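With this note's numbering applied, the sequence shown has no gaps in its numbers, which climb one by one up to 157 at the end. The beta carbon of each residue, even a glycine, is placed where N, CA and C say it ideally should be. Bear in mind the structure is a predicted one, so any value in this text is a computation, not a measurement.
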Amino acid sequence: MWKVFEGFVRNFYRKEQRTFSVHSRRFPWRNTEPFSAHAFSFLPQMETDVVLESADKHIIIETKFYREAFRKRFTHKKLISAHLYQLFAYLKNYPIQERSKLSGCLLYPTLGTSFSLDYHIHNVPVKVLGIRLDTRPEIIHKEMLKLIQEN
7 MWKVFEGFVR NFYRKEQRTF SVHSRRFPWR NTEPFSAHAF SFLPQMETDV VLESADKHII
67 IETKFYREAF RKRFTHKKLI SAHLYQLFAY LKNYPIQERS KLSGCLLYPT LGTSFSLDYH
127 IHNVPVKVLG IRLDTRPEII HKEMLKLIQE N
């Protein structure tokens with residue numbers, strides 16, 4: 007199902023907007039020099055789920071398909087750290103000169119309730135968004151377009 011959600015998001019933006027080119031993107035780790043080719047082969051691949059690019063803006067959207075978008079820590083809900091670290095790694099290594107043109111989003115499908123959290127992490131805008139899929143299609147459409155207008 008995670009692949010279906012990722013494909014839905016990518017294809018939605020390809021079809022429903024004309025400002026950005028839409029694709030996934032592979033890129034190398036920046037400022038990383040392994041001591042050997044053998045060591046280099048163990049580095050994980052940097053490959054985004056969805057990137058929207060225009061002359062003025064680059065938005066990395068990392069889609070996540072999980073039953074819960076949060077982990078419970080005692081009585082508090084917390085973001086899933088691995089998801090945030092993954093997006094952060096993409097933002098830090100993304101090949102762009104003007105960091106001010108870059109933003110990121112963790113996007114989760116939800117049922118019954120949505121959420122929207124906004125941060126600046128190392129001066130890069132980051133949104134964590136839960137979009138309800140159990141609502142009317144026109145509401146989903148509006149929320150998906152709102153994401154790229156605000157980011």
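At a Cβ-Cβ threshold of 9 Å, L97 and I67 do not count as neighbours. If the five residues before and after T69 are omitted, its C-beta is found closer than 6 Å to the C-beta atoms of F11, E12, V15, D55 and L113, all from its own chain and listed in chain order.
Collapsing the DSSP output to three states places Y19 in a helix.
As the crow flies, the alpha-carbon of L135 is around 26 Å from that of Q103. Residue range F121 to I127 is occupied by the beta strand (DSSP E) that includes F121. Restricted to the stretch 64-129, the beta strand (DSSP E) segments that are unbroken, complete and at least 3 residues in length are 64-69, 76-79, 82-85, 108-116 and 121-127, listed in chain order.
In this structure, I154 keeps its C-beta atom at 9 Å or more from the C-beta atom of L49. Judged by beta-carbon spacing, F26 lies within the 9 Å limit of S60, meaning their Cβ atoms are closer than that value. Annotated three-state conformation of E39 is coil, per DSSP. Residue pairing by DSSP leaves S47 without any beta bridge partner.
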